[in-house]
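Structure record follows, encoded as structure tokens.
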Amino acid sequence: MSLDFGFIYTAFLGLFSALPNTLIITVVSVLAGLVIGIITALARIYKVPVLSQISHGYVTFIRGTPMLMHLLLIYFSLPLLIDAGAKHFGWPLQSKDVPYMVFALISFSITSGAYMSEVVRSGIQSVNKGQIEAAYAVGMTTWQVLRRIVFPQAFVVSLPNLTNSVIGMLHGSTLAFTVSVTEIQAQAEILASTNWKYLEVYIAAALLFWGLTVLIERISGLVEKKINVFNGGRAS
Amino acid sequence: MSREFNIDYVFSFIPKMLSYLHITLFIVASSLVLGLIIGLLVALPRMYNIPFLKRVSQVYVSFFRGTPILIQLFLVYYGLPELLKLVDINSSRWDVLWFAVATYALNSGAFISEIIRSGVEAVDRGQIEAAQSVGMSGYQTFTRIIMPQALAVVVPVFSNLVIGNLKDTSLAFTIGAMEMTGKSQTLGSATQHFVETYIALSLIYLVISLILQKLFKVLENTLLRHEHRDAVQKEPEKRKSFVVRYLRSPRLSKGGKGI
Numbered sequence: 012m013s014l015d016f017g018f019i020y021t022a023f024l025g026l027f028s029a030l031p032n033t034l035i036i037t038v039v040s041v042l043a044g045l046v047i048g049i050i051t052a053l054a055r056i057y058k059v060p061v062l063s064q065i066s067h068g069y070v071t072f073i074r075g076t077p078m079l080m081h082l083l084l085i086y087f088s089l090p091l092l093i094d095a096g097a098k099h100f101g102w103p104l105q106s107k108d109v110p111y112m113v114f115a116l117i118s119f120s121i122t123s124g125a126y127m128s129e130v131v132r133s134g135i136q137s138v139n140k141g142q143i144e145a146a147y148a149v150g151m152t153t154w155q156v157l158r159r160i161v162f163p164q165a166f167v168v169s170l171p172n173l174t175n176s177v178i179g180m181l182h183g184s185t186l187a188f189t190v191s192v193t194e195i196q197a198q199a200e201i202l203a204s205t206n207w208k209y210l211e212v213y214i215a216a217a218l219l220f221w222g223l224t225v226l227i228e229r230i231s232g233l234v235e236k237k238i239n240v241f242n243g244g245r246a247s
Numbered sequence: 007m008s009r010e011f012n013i014d015y016v017f018s019f020i021p022k023m024l025s026y027l028h029i030t031l032f033i034v035a036s037s038l039v040l041g042l043i044i045g046l047l048v049a050l051p052r053m054y055n056i057p058f059l060k061r062v063s064q065v066y067v068s069f070f071r072g073t074p075i076l077i078q079l080f081l082v083y084y085g086l087p088e089l090l091k092l093v094d095i096n097s098s099r100w101d102v103l104w105f106a107v108a109t110y111a112l113n114s115g116a117f118i119s120e121i122i123r124s125g126v127e128a129v130d131r132g133q134i135e136a137a138q139s140v141g142m143s144g145y146q147t148f149t150r151i152i153m154p155q156a157l158a159v160v161v162p163v164f165s166n167l168v169i170g171n172l173k174d175t176s177l178a179f180t181i182g183a184m185e186m187t188g189k190s191q192t193l194g195s196a197t198q199h200f201v202e203t204y205i206a207l208s209l210i211y212l213v214i215s216l217i218l219q220k221l222f223k224v225l226e227n228t229l230l231r232h233e234h235r236d237a238v239q240k241e242p243e244k245r246k247s248f249v250v251r252y253l254r255s256p257r258l259s260k261g262g263k264g265i
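Just so you know, the sequences run in chain order A and B.
The numbering used here puts the first sequence at residues 12 to 247.
The numbering used here puts the second sequence at residues 7 to 265.
Here it is as structure tokens:
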């Protein structure tokens with residue numbers, strides 16, 4: 012086997028230029044997903060008439076289809092909608108002005124939202140009902156109950172799931188290469204085909220992702236220890 | 007970029023893609039069977055605390071859980087032929103499908119080994135001691151005491167893994183495997199009706215996922231009959247939370263997969 016070890020190192024450095032895009036995709040989709048997730052989860056928990064059915068359908072659809080489908084659907088259908096809108100309402104926006112990155116971010120946020128919704132829901136439902144009743148009994152408003160009693164405890168319970176979702180989105184960001192966003196996977200393809208050293212480049216990419224994943228797991232482990240202080244410091 | 011939306015195409019595409027369904031399902035099924043074998047082999051050194059092998063299996067699991075499946079696909083696609091060359095096997099004429107199967111099997115193996123481990127660990131130690139004290143052999147203890155309970159605990163996680171694998175197969179087209187997504191690519195570029203192709207494909211994936219989910223739910227209920235009977239008789243709240251705790255165990259979830 013002829014493996015060029017020196018090139019693995021070179022490729023590793025070359026991949027760093029694409030790291031910001033990967034991180035942007037991960038962070039934006041996780042944060043936007045959290046917002047979507049909290050809204051849909053609350054709609055379902057409080058059984059808000061129409062919203063809860065919509066949320067349920069949304070979560071079922073997204074979780075039942077591959078992330079690649081969401082990306083390709085958004086990538087091919089949003090431009091049609093934008094151009095139709097531009098034609099009918101005279102929007103100044105044309106689909107060709109929208110960077111590919113925007114389509115990736117929108118689609119990944121929608122994907123992450125559905126998974127976050129389940130994370131948030133299981134977290135909130137793990138909070139003891141008696142505590143919520145007690146909080147109401149001392150005269151807190153619903154918002155106060157959520158903010159002071161439910162969210163802090165729910166966060167502790169859902170941190171491991173949250174970490175998994177973050178890692179999932181980090182790994183999912185590799186799909187963005189299908190819509191020509193230069194993240195690590197796309198950069199790897201470019202490096203591999205220009206240097207004709209495919210195996211070396213993908214080993215480097217794998218090592219980079221592996222490192223990032225382990226790093227996220229470590230950070231989450233530290234945070235878990237910190238926020239579990241009220242539990243006597245043990246992991247829940 | 008693509009032509010105007012026409013719903014008729016969605017319906018005409020569905021049967022065309024369904025004719026490739028068996029390849030998608032073949033990848034899922036074969037990766038699960040091979041993954042079970044790998045998973046068992048990888049879980050054993052860690053459960054029995056075998057010095058060197060334990061480390062190897064830890065690294066294996068960490069690597070396959072810590073890297074995206076897409077990268078793994080390319081690694082196997084370019085790396086396996088090189089490894090095979092070392093033992094004088096020429097893989098250049100092999101169908102790419104086998105590389106996809108190999109990747110998904112290696113990937114599932116890592117997750118399945120974790121599932122097996124946590125399933126076995128979920129069984130109360132006292133029960134194993136009790137089984138041995140009434141004279142059961144190691145094999146009997148495993149098949150009669152550990153297995154039935156471990157199975158019940160891991161079914162929901164396993165169900166997630168299977169559905170995750172189904173969705174992951176959509177990436178096999180990147181190395182040129184011709185399954186449903188690969189077919190959708192050719193359909194899309196031939197007709198220029200991309201939106202319709204992906205709607206049709208999403209619907210197929212959705213229906214299969216829902217069917218799988220239902221099947222596993224039935225299986226879970228069957229395996230958990232004893233829990234439910236107990237739950238009605240005494241302390242329902244605590245009983246339930248015991249099971250739920252294991253099911254939500256963070257180490258079990260699919261992590262970077264299944265999205």
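For each residue, glycine too, the CB sits at the ideal point set by N, CA and C.
At a cut-off of 8 Å between beta-carbon atoms, Ile214(A) makes contact with chain B. Residue burial is scored here from C-beta neighbours: Lys208(A) has at least 16 other C-beta atoms within 10 angstroms and is therefore classed as buried. Residue environment for Tyr84(B): buried (at least 16 other C-beta atoms within 10 angstroms of its C-beta). The Cβ of Pro74(B) sits closer than 8 Å to at least one Cβ of chain A.
Only Pro90, Leu91 from the stretch 89-114 of chain A bring a Cβ to less than 7 Å from some Cβ of chain B. Look at His182(A): its C-beta is under 8 Å from a C-beta on chain B.
Considering only Ile135(A), Val161(A), Gln136(A), the residue with the shortest C-alpha distance to Tyr147(A) is Val161(A). In this structure, the straight-line span from the alpha carbon of Ser36(B) to that of Val107(B) is close to 7 Å. If only uninterrupted beta strand (DSSP E) runs of at least 3 residues are considered, none is enclosed by the stretch 129-211 of chain B. Looking at Ile210(B), Lys223(B), Glu202(B), the one whose alpha-carbon comes closest to that of Asp14(B) is Glu202(B). For Val82(B), the three-state secondary structure derived from DSSP is helix. Looking at Lys236(A), His67(A), Ala187(A), the one whose alpha-carbon comes closest to that of Ser128(A) is His67(A). Taking every protein chain shown into account, the CB of Asp108(A) has fewer than 16 other CB atoms within 10 angstroms, so this residue is exposed. DSSP places Ser118(A) inside the alpha helix (DSSP H), whose first and last residues are 111-136. Within chain A, the residues placing a beta-carbon under 8 Å from that of Ile205(B) are Leu84, ordered along the chain. Neighbours of Leu221(B) across chain A, judged by C-beta separation under 8 Å, do not exist; the nearest C-beta is about 14 Å away.
Close to Ser176(B), with beta-carbon spacing below 8 Å, are these residues of chain A in chain order: Pro77, Leu79, Met80. For the options Ser123(A), Glu194(A), Thr185(A), the alpha carbon positioned closest to that of Ile49(A) is the one of Ser123(A). Within chain A, the residues whose beta carbon sits less than 8 Å from that of Val201(B) are Leu84, Phe87, Ser88, Leu91, listed in sequence order. Counting along the chain, no alpha helix (DSSP H) covers Lys208(A), and no H or E run does either. With a 10 Å radius around the Cβ and a threshold of 16 neighbouring Cβ atoms, Val62(B) comes out exposed.
Residue-level contact by beta carbon holds for Gly85(B) and chain A, with a gap shorter than 8 Å. Here Gln105(A) carries a coil assignment [DSSP, helix/strand/coil]. The beta-carbon of Ile77(B) is placed less than 8 Å from the nearest beta-carbon of chain A. With respect to chain A, the C-beta atom of Phe117(B) has no partner C-beta closer than 8 Å. Neighbourhood of Phe11(B) in chain A, by CB distance below 9 Å: Ser88, Leu91, in chain order. Rounded to whole angstroms, the Cβ separation of Ala197(A) and Leu26(A) is 10 Å, and the two are not in contact under 8 Å. DSSP places Tyr57(A) in the coil class of the three-state scheme, outside both helix and strand. Looking at Thr33(A), Leu53(A), Val38(A), the one whose alpha-carbon comes closest to that of Val130(A) is Leu53(A). Going by DSSP, Arg71(B) is part of the alpha helix (DSSP H) stretching over 57-72. Across the structure, Val234(A) and Ser124(B) are spaced so that their CA atoms are roughly 24 Å apart. In terms of Cβ geometry, Ser165(B) and Phe117(B) do not form a close pair [threshold 8 Å].
The alpha-carbon separation between Ala187(A) and Pro110(A) amounts to approximately 13 Å. DSSP places Ser169(A) in the uninterrupted alpha helix (DSSP H) bounded by 162-183. In this structure, the alpha-carbon of Ile210(B) lies about 8 Å from that of Leu24(B). In the three-state scheme derived from DSSP, where H, G and I count as helix and E and B as strand, Arg99(B) is classed as coil.
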